[in-house]
Amino acid sequence: MTGRYRELHARSLAAPEAFWSEAAEDIHWYRRWDKVLDDSRAPFYRWFAGGQLNTCYNALDRHVEQGRGAQAALIYDSPVTGTVRSFTYGELRDLVARFAGALVRRGVAKGDRVIIYMPMVPEAVVAMLACARIGAIHSVVFGGFAPRELAARIDDAKPKLIVSASCGIEVNRVVPYKPLLDEAIHLSTHQPSACIILQRPQAQAALTPGRDVEWEQAQEGVSPADCVPVEATDPLYILYTSGTTGQPKGIVRDNGGHAVALRWSMKHIYGVQPGEVYWAASDVGWVVGHSYIVYGPLLNGNTTVLYEGKPVGTPDAGAFWRVISQHGVSVMFTAPTAFRAIKRDDPNGELLAKYDLSRFRTLFLAGERCDPDTLRWAEAILRRPVIDHWWQTETGWAIVANPMGIEHLPVKVGSPTVAMPGYDVRVLDEEGRETGPDTIGAVVVKLPLPPGCLPTLWNADERFVSAYLSTFKGYYLTGDAGYRDSQGYVYIMSRIDDIINVAGHRLSTGAMEEVLASHPDVAECAVLGAADSLKGEVPVGFIVLKAGVTRPQEDIVKEVVQLVRDRIGPVAAFKTATVVQRLPKTRSGKILRGTMKKIADGTEYKTPATIDDAATLDEVTAALRRIGYARKKE
Numbered sequence: 001m002t003g004r005y006r007e008l009h010a011r012s013l014a015a016p017e018a019f020w021s022e023a024a025e026d027i028h029w030y031r032r033w034d035k036v037l038d039d040s041r042a043p044f045y046r047w048f049a050g051g052q053l054n055t056c057y058n059a060l061d062r063h064v065e066q067g068r069g070a071q072a073a074l075i076y077d078s079p080v081t082g083t084v085r086s087f088t089y090g091e092l093r094d095l096v097a098r099f100a101g102a103l104v105r106r107g108v109a110k111g112d113r114v115i116i117y118m119p120m121v122p123e124a125v126v127a128m129l130a131c132a133r134i135g136a137i138h139s140v141v142f143g144g145f146a147p148r149e150l151a152a153r154i155d156d157a158k159p160k161l162i163v164s165a166s167c168g169i170e171v172n173r174v175v176p177y178k179p180l181l182d183e184a185i186h187l188s189t190h191q192p193s194a195c196i197i198l199q200r201p202q203a204q205a206a207l208t209p210g211r212d213v214e215w216e217q218a219q220e221g222v223s224p225a226d227c228v229p230v231e232a233t234d235p236l237y238i239l240y241t242s243g244t245t246g247q248p249k250g251i252v253r254d255n256g257g258h259a260v261a262l263r264w265s266m267k268h269i270y271g272v273q274p275g276e277v278y279w280a281a282s283d284v285g286w287v288v289g290h291s292y293i294v295y296g297p298l299l300n301g302n303t304t305v306l307y308e309g310k311p312v313g314t315p316d317a318g319a320f321w322r323v324i325s326q327h328g329v330s331v332m333f334t335a336p337t338a339f340r341a342i343k344r345d346d347p348n349g350e351l352l353a354k355y356d357l358s359r360f361r362t363l364f365l366a367g368e369r370c371d372p373d374t375l376r377w378a379e380a381i382l383r384r385p386v387i388d389h390w391w392q393t394e395t396g397w398a399i400v401a402n403p404m405g406i407e408h409l410p411v412k413v414g415s416p417t418v419a420m421p422g423y424d425v426r427v428l429d430e431e432g433r434e435t436g437p438d439t440i441g442a443v444v445v446k447l448p449l450p451p452g453c454l455p456t457l458w459n460a461d462e463r464f465v466s467a468y469l470s471t472f473k474g475y476y477l478t479g480d481a482g483y484r485d486s487q488g489y490v491y492i493m494s495r496i497d498d499i500i501n502v503a504g505h506r507l508s509t510g511a512m513e514e515v516l517a518s519h520p521d522v523a524e525c526a527v528l529g530a531a532d533s534l535k536g537e538v539p540v541g542f543i544v545l546k547a548g549v550t551r552p553q554e555d556i557v558k559e560v561v562q563l564v565r566d567r568i569g570p571v572a573a574f575k576t577a578t579v580v581q582r583l584p585k586t587r588s589g590k591i592l593r594g595t596m597k598k599i600a601d602g603t604e605y606k607t608p609a610t611i612d613d614a615a616t617l618d619e620v621t622a623a624l625r626r627i628g629y630a631r632k633k634e
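Note that UniProt numbering gives residue 512 to position 512 of the sequence shown, counting from 1, and the numbers run on in steps of one.
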């Protein structure tokens, strides 16, 4: 590996303050920082201490003042409502300033928290940026979250105000949000002083007198709010990690490091220039929505797409191609599970031929491990670079990627490529020693983490240290297992919890999933380690077949079992697989392997709040019973 990437990565680790000081020149500062990296309270590192900026100013006002006011900033594309709207930078700035004025009129000030519980509508983006404009801290909670989970977040963040909507819209149904919000507030110890409700035409909500006010009514007669300078180290937002139970884990994102890192990533990782159309097909409730629907593209002067729909079913598996064609998307970012859904419904990519993708340049995938078969399939039908990359809610931007704006490194299928500048990625064994090439271990990042990563958890410094920094002193524990090859390419195989021990052999379920996914009839799959009295654990496979497959399922199961035996060996003890119609997933597309394992082992489990469809757990339970597992009920 040669060239500019290697030089930049080495410089970022050898001289991090000089590297990130240079990157920070792309951000507007009201006051320059006193110190690029403040390590006086390590491991609580702070970037750009003493600096003052405003994230909303950098995302909107600056571009208007520099002549980009007439360019589209946000395209709202909603196949579930049949709506497409475009907002210029000038229009979006004015909408944000007006709503920020509405927040100020209701007593929201710098440092106050605002919970945003909304569907994928432009008003959600407006609310986020309005909070950033006045220095308030937003916490977006995925629209439709269960009341008890929302209540836990209300009690943890203690918001001054909540912004919500009357409903969300799924493919075949309308989901009323207001009853869920009302129940959450009823369950909460903390009570917000007001709720601003966007009334959608698909379902009107009854407002609570004295507390609730409608979106437009809240803005009547308000004065637009100016941008408020905040400290670089002040929080911009809190984002609660999905699947938390009990006390929520609130990831804190600061203003300064976040703005610097995201602006840098747009140019150097995704390779997009100001003015180009960039689309992250995610949700504002997830970190991808924060980083790459809202802040990253707008900080970089791009046009960003806000899509209220699905990869399939709105109306078909050509939905993504239609959006790319209609809006001239240059670079797209989505989860591998979205492409597995498209591959399942349109395995030959026939719908692609209906659309003009001439302006489309690169597809990025992240959010869950990308199996080689899905990556190769996407490459084959798109005939463009398909880039797997790896990062987390905690980091806010890519830890490992192929830096398309620096140099396009050779793709190794199964690897998200190499560590990005600022990240010193290591692989450690259980004693904390670095492993050699191709040896699996815990993937960690040597401290300090680069700008943009979490500086701590909300009101939980001790929990931050115990959860992430205590396992290996001086390192951030990612929670993922993997290895590096001799060229420095990183391979993320599974969560550390998904490394199973079969008769004393440590095996990766991710490696087995790779084998299953390579079968021509398999659309997607999952492997978990089920408790076994003799071997400790044994692997159990679940496979979803591609649309149109008519061969006997028992033949396909025999073939995938043999594939694992041939490619990994008898040591894997892989003898059991079953076909299911769907896999249980979170709304962001992550397969709920931990819950599936609990079902297989017959232990108590709680249906995760983030689950997309709870009925899929019943399908898994039935499938496990067919093969002799799921011995107990919940």
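Don't be surprised by glycine CBs; every beta carbon is placed ideally from N, CA and C. Since the model is a prediction, treat every value here as computed from it, not as a measurement.
C-beta contact flag for residue 126 and residue 93 at 8 angstroms | Against a cut-off of 8 angstroms, the Cβ pair of residue 93 and residue 126 comes out as no contact.
Under 8 angstroms between the Cβ atoms of residue 622 and residue 149?
-> For residue 622 and residue 149, no; Cβs fall outside 8 angstroms.
Reduced DSSP secondary structure (H/G/I, E/B, other) of residue 10 | helix
Could you give the residue range of the beta strand (DSSP E) that holds residue 361?
-> Here residue 361 belongs to no beta strand (DSSP E), and DSSP marks it neither H nor E.
Given residue 296 as reference, the closest of 213, 269, 317 once Cα atoms are compared = 269
For residue 619, which three-state DSSP category applies?
-> helix
Please report the residue range of the alpha helix (DSSP H) in which residue 266 lies.
-> 256–268
For residue 243, which of helix, strand or coil comes out of DSSP?
-> Below a pLDDT of 50, predicted positions are generally treated as unreliable, and residue 243, at 41, falls in that range; the measurement from the model is reported next regardless. In the structure shown, residue 243 sits in coil (DSSP, three-state: anything other than H, G, I, E or B).
Local Cβ density within 10 Å of residue 1, reported as buried at 16 or more and exposed below that = Low confidence applies here, because residue 1 scores a pLDDT of 48, under 50, leaving its location unreliable and the question unanswered by this model.
Let me know the secondary structure DSSP gives residue 1 once reduced to three states.
-> Residue placement at residue 1 is flagged as unreliable, the pLDDT there being 48, under the threshold of 50; a coordinate-derived value is accordingly withheld.
Local Cβ density within 10 Å of residue 632, reported as buried at 16 or more and exposed below that | The predicted position of residue 632 is uncertain, since its pLDDT is 46 and thus under 50; a value taken from the coordinates is nonetheless stated next. By the neighbour-count rule (16 or more Cβ atoms within 10 Å), residue 632 is not buried but exposed.
Span separating the alpha-carbon of residue 496 from that of residue 443 | 9 angstroms
At what residue ranges does the UniProt domain "AMP-binding enzyme C-terminal" (512–590) contain a whole run of the beta strand (DSSP E), taking only runs of 3 or more?
-> 522–532, 536–545, 576–579
When the distance is taken between beta carbons, is residue 507 closer than 8 angstroms to residue 572?
-> yes
Considering only residues of the same chain and omitting the five flanking positions on each side of residue 315, which have a CB-CB separation below 8 angstroms?
-> 79
Quick one: Cα of residue 19 to Cα of residue 428, how far?
-> 27 angstroms
Own chain residues within Cβ distance below 6 angstroms of residue 98, not counting five before or after = 219, 224.
Are the Cβ atoms of residue 52 and residue 29 separated by less than 8 angstroms?
-> yes
Helix, strand or coil for residue 167 per DSSP?
-> Reduced to three states, the DSSP call for residue 167 is strand.
For residue 434: DSSP bridge partner residues | Looking at the DSSP assignment, residue 434 forms a beta bridge with 428.
Whole-angstrom distance between residue 595 and residue 389, CA atom to CA atom = 25 angstroms
Three-state secondary structure (DSSP) at residue 141?
-> Residue 141: coil per DSSP, three-state reduction.
Short check: CB of residue 288 to CB of residue 140, under 8 angstroms?
-> no
When the Cα of residue 461 is compared with those of 4, 26, 41, which residue comes out closest?
-> 41
Three-state secondary structure (DSSP) at residue 402?
-> In the structure shown, the three-state DSSP call for residue 402 is coil.
Let me know the alpha helix (DSSP H) ranges lying completely inside the segment 33–107, each 4 residues or longer, listed in chain order.
-> The DSSP assignment places 89–105 as complete runs of the alpha helix (DSSP H) inside the segment 33–107, in order along the chain (cut-off: 4 residues).
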